[in-house]
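*Asks:* The following block contains the structure, expressed as structure tokens.
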Amino acid sequence: MPELPEVETTCRSISAWALGCRIDKVIRRRTNLRLPIPDDLDLRLRDQSLQAVFRRAKYILLRFERDTLLIHLGMSGSLRRAESHTPLKTHDHVDFVFNQGEVILRYHDPRRFGLIVWAGEDHDKHPLLSHLGIEPLTAEFSGAWLYRATRERETEIKLFLMDAHRVVGVGNIYASEALFRAGIHPKTAARKLSRRRCERLSLSVKETLEQALRSGGSTLRDYVNGTGNPGSFQLELSVYGRTDQPCLGCGTLIRQLKQGQRSTFYCPRCQR
DNA sequence: ACTGGATCCTGACTGC
DNA sequence: TGCAGTCAGGATCCAG
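Using the working numbering, you'd call the opening residue of the first sequence number -3 and step up by one each time.
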């Protein structure tokens, strides 16, 4: 479900209400997601207050006084505020109950592709994070970097953009959108991109993600941020999900194809 | 090392 | 209605 803008939006909205709140108890309603949910969540987190909420790639980190949690939302997860009277929904797997039950941070994930694990002493060294590539919204992710990283790479550029070993946070929606913005065909071999096109693509990735962030992310099915509000970037999508609809630039019908078992959307005229 | 494919799981939707 | 098939925002593991 969530790509970088949705995860970042979730972090920001949780920060806005939960920082400083103290854990009353943690309720775990099932023992595993993609990985086992630690059985000492409640024991260890009780009485610790939430110190920081931040993101690495599409992982959310909740830093408490003595422990840090690593959370991933997978395809269908959400982490949002609930009240003691908020009715429980199917697939509400974990509740972090704060301030004597006054507010709850509730983890919901129908497909259970997400995960909740301890981050350990140094989260950057955690096995799930240690191999990750660079953040797209930093200066490091530049045209020069992209040009260097794509040399000799036979992979289609869309798959390259979605490979978290190289650059993180760019999922299926924003990869299609960024390539449209850059005027690059998604099946182009990464190594064939010129320096100039790499420059353009790195900018397009940043602009696409930043625009989505300003809209609070995309809500296609059920994404909601940490306060339970949907995003609106889906209204600004140029190609994603627009098969057979006219390109906003030239009117040519948007096409759909498969890359790595995922749908790709593109304009055959604007993207070469 | 790189690359493509299968896999985990539920729910929404389509077509018969 | 019901049922089967397809597809979905992610990431890991495995074979070639």
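Just so you know, even glycine gets a beta-carbon here, dropped at the ideal spot from N, CA and C. Quantities reported herein were computed from a predicted structural model and do not represent experimental measurements.
Below 8 Å on the Cβ atoms is my contact criterion, and I expect L69 with V3 to pass it. Report the Cβ-Cβ distance as a whole number of Å.
*Replies:* So it is a contact: roughly 7 Å between Cβ atoms.
*Asks:* Check F229 in the structure and name its three-state DSSP category.
*Replies:* Taken through DSSP and simplified to helix, strand or coil, F229 comes out as helix.
*Asks:* Find out if the Cβ-Cβ distance for the pair K154, Q241 is shorter than 7 Å.
*Replies:* No, Cβ-Cβ distance for K154 and Q241 is not below 7 Å.
*Asks:* With DSSP as the reference, label S45 as helix, strand or coil.
*Replies:* strand
*Asks:* Going by C-alpha to C-alpha distance, which of R196, G110, P32 sits closest to I67?
*Replies:* G110
*Asks:* Give every residue of the same chain whose Cβ lies closer than 7 Å to the Cβ of L31, excluding the five residues on either side of it in the sequence, and list them in chain order.
*Replies:* Residues of the same chain with a CB within less than 7 Å of the CB of L31, apart from the 5 flanking positions on each side, are L111, V113 in chain order.
*Asks:* If the criterion is Cβ atoms closer than 7 Å, does the pair A14 and L46 meet it?
*Replies:* Yes, Cβ-Cβ distance for A14 and L46 is below 7 Å.
*Asks:* Under DSSP, the beta strand (DSSP E) around K154 begins and ends at which residues?
*Replies:* Element bounds for K154: not the beta strand (DSSP E) but the alpha helix (DSSP H), 153 to 157.
*Asks:* Take R52 and list the residues in its own chain whose beta-carbon comes closer than 6 Å to its own, dropping the five residues that flank it on each side.
*Replies:* Taking C-beta separations shorter than 6 Å and ignoring five residues to either side along the sequence, the partners of R52 in its chain run L125, following chain order.
*Asks:* Might you give, ordered along the chain, the residues of its own chain that have their beta carbon closer than 8 Å to the beta carbon of L199, omitting 5 neighbours on each side?
*Replies:* G139, A178
*Asks:* Starting from the C-beta of T204, find all residues in its chain whose C-beta is less than 7 Å away, skip the five residues before and the five after it, and write them out in chain order.
*Replies:* Y170, E173, A174, R177
*Asks:* Does DSSP put P1 in a helix, in a strand, or in coil?
*Replies:* helix
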